[in-house]
Amino acid sequence: MKVPPRPAEPGELIPGDYFRRLSPDELFTTEAPLEVDLGCGDGTFALAMARQFPERNFLAVERLLGRVRKVCRRASEADLENLRVLRLEARYTVEWLLPHASVSRLHLLFPDPWPKARHHRRRLVQQDFLKALGKILIPGGEFLFKTDHEEYFEWAREELELFGSFEPLPWDERCEDLSFYPETDFEAQWRAEGRAVHQLRMRNPAT
Ligand SMILES: C[S@@+](CC[C@H](N)C(=O)[O-])C[C@H]1O[C@@H](n2cnc3c(N)ncnc32)[C@H](O)[C@@H]1O
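116 is the number that the working numbering gives to position 126 of the sequence shown; each next residue is one higher, with no gaps.
Right, dumping it as structure tokens:
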């Protein structure tokens, strides 16, 4: 039996073809710096960013349909034409779907830490992902990562050091680009529980 395709939610990005890289104008019709929120959850961060920076485009990526629907609904209620939501697996999106040299900032905020050793290979931050990330970031583009999980944070630092192509940047809230950087839903929960948050910021070299 053929299952009819699910209709798109307002503002949802449903690629016509999942087996080729998108072109930038398939993502947004307006040309603007592109930021990606990978694993956006309830979209608190992406929605606040899109509201604050109408001159930038935001792509929120999330695999759970209920969350995708919620973010689309909130974006549509707020008339945010610079925010689109893609329901897809995060690694696949970065490795196979996003155009090369198209992303000015990729935010990976509180990804699943996969704490059990036998699940570590499911962690997003590792060599293949970083290699793909280096290709989709523009020269000078940034990777911003936050986690409450200290061991995953150390793991990410080691993977980034091994990868070796990105340069560390300070996470300094006085810097213009970070002066508005809203808390995510998970971050608010972890901070309320008194947990420490670890963060890092890396840049793709501008060559
Ligand atoms: C711990 S939550 C963090 C959500 C949000 N970034 C925040 O800080 O509030 C992780 C989110 O990533 C999504 N997620 C996990 N693995 C994913 C994957 N492989 N591809 C896409 N989304 C994923 C989950 O459904 C969940 O919404």
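For every residue, glycine included, the Cβ atom is placed at its ideal position computed from N, Cα and C.
For the region 116 to 184, which segments carrying the alpha helix (DSSP H) assignment without a break, of at least 4 residues, lie completely within its bounds, in sequence order? 117 to 126, 140 to 153 and 175 to 182
Buried or exposed: Thr137, going by 16 or more other Cβ atoms within 10 Å of its Cβ? Here residue 137 is taken as the residue at index 147 of the sequence shown, counted from 1. Buried, because 16 or more other Cβ atoms sit within 10 Å of the Cβ of Thr137.
Short of 8 Å in beta carbon distance, which residues of its chain neighbour Asp32, apart from the five on each side in sequence? Order them along the chain. Indexing the sequence shown from 1 puts residue 32 at position 42. The answer, listed in chain order, is Arg57, Lys60, Val61 and Asp175.
Can you tell me the Cα-Cα spacing of Arg112 and Trp104, whole angstroms? For the purposes of this step, residue 112 is taken as residue 122 along the sequence shown, with counting starting at 1. For the purposes of this step, residue 104 is taken as residue 114 along the sequence shown, with counting starting at 1. Taking the straight line joining both Cα atoms gives about 7 Å.
In or out: Pro129 buried (at least 16 other Cβ within 10 Å) or exposed? Stepping through the sequence shown from its first residue, residue 129 is reached at position 139. Exposed, by the Cβ-count rule.
Determine the DSSP secondary structure at Leu99, reduced to helix, strand or coil. The residue labelled residue 99 in the question sits at position 109 within the sequence shown. It is a strand residue.
From Glu67 to Ala107, what distance separates their C-alpha atoms? Position 77 of the sequence shown, counted from the first residue, corresponds to residue 67. Position 117 of the sequence shown, counted from the first residue, corresponds to residue 107. Cα to Cα, Glu67 sits roughly 42 Å from Ala107.
Assigned exposure category for Glu25 - 16 Cβ within 10 Å defines buried: What you label residue 25 is simply residue 35 of the sequence shown in a count that begins at 1. Classification for Glu25: buried.
Just checking, does the region 69 to 89 make contact with the region 146 to 157 on the three C-beta pairs under 8 Å criterion? no
Please return the same chain residues whose Cβ sits closer than 8 Å to the Cβ of Gln116, not counting the five positions on each side in sequence. Here the question's residue 116 lines up with position 126 in the sequence shown. Excluding sequence neighbours, Gln116 sits near Glu149.
Mapping DSSP to helix, strand and coil, what is Met39? Taking the first residue of the sequence shown as 1, we reach residue 39 at position 49. Of the three classes helix, strand and coil, the one that applies to Met39 here is helix, per DSSP.
Verify the contact flag: Arg53, CB atom, against every heavy atom of ligand 1, threshold strictly below 6 Å. For the purposes of this step, residue 53 is identified with residue 63 of the sequence shown, where counting begins at 1. The answer is yes for Arg53.
For Glu166, is the classification buried or exposed, using 16 other Cβ atoms within 10 angstroms of its Cβ as the cut-off for buried? As a first step, residue 166 must be located in the sequence shown, where it is residue number 176. With fewer than 16 other Cβ atoms within 10 Å, it is exposed.
Exposed unless 16 or more other CB atoms sit within 10 angstroms - verdict on Asp27: Numbered from 1 along the sequence shown, position 37 holds the residue referred to as residue 27. Counting Cβ neighbours within 10 Å, Asp27 comes out buried, since at least 16 surround it.
Is Asp102 near ligand 1, with its Cβ less than 6 Å from a heavy atom? In the sequence shown, counting from the first residue as 1, residue 102 sits at position 112. Result yes, Cβ under 6 Å from ligand 1.
Three-state secondary structure (DSSP) at Glu16? As a working mapping, residue 16 is identified with position 26 in the sequence shown. In the three-state reduction of the DSSP assignment, Glu16 falls in the helix class.
Terminal residues of the continuous beta strand (DSSP E) containing Ala65? Position 75 of the sequence shown, counting from 1, holds the residue named residue 65. That residue, Ala65, is in no beta strand (DSSP E); its alpha helix (DSSP H) goes Leu55 to Glu67.
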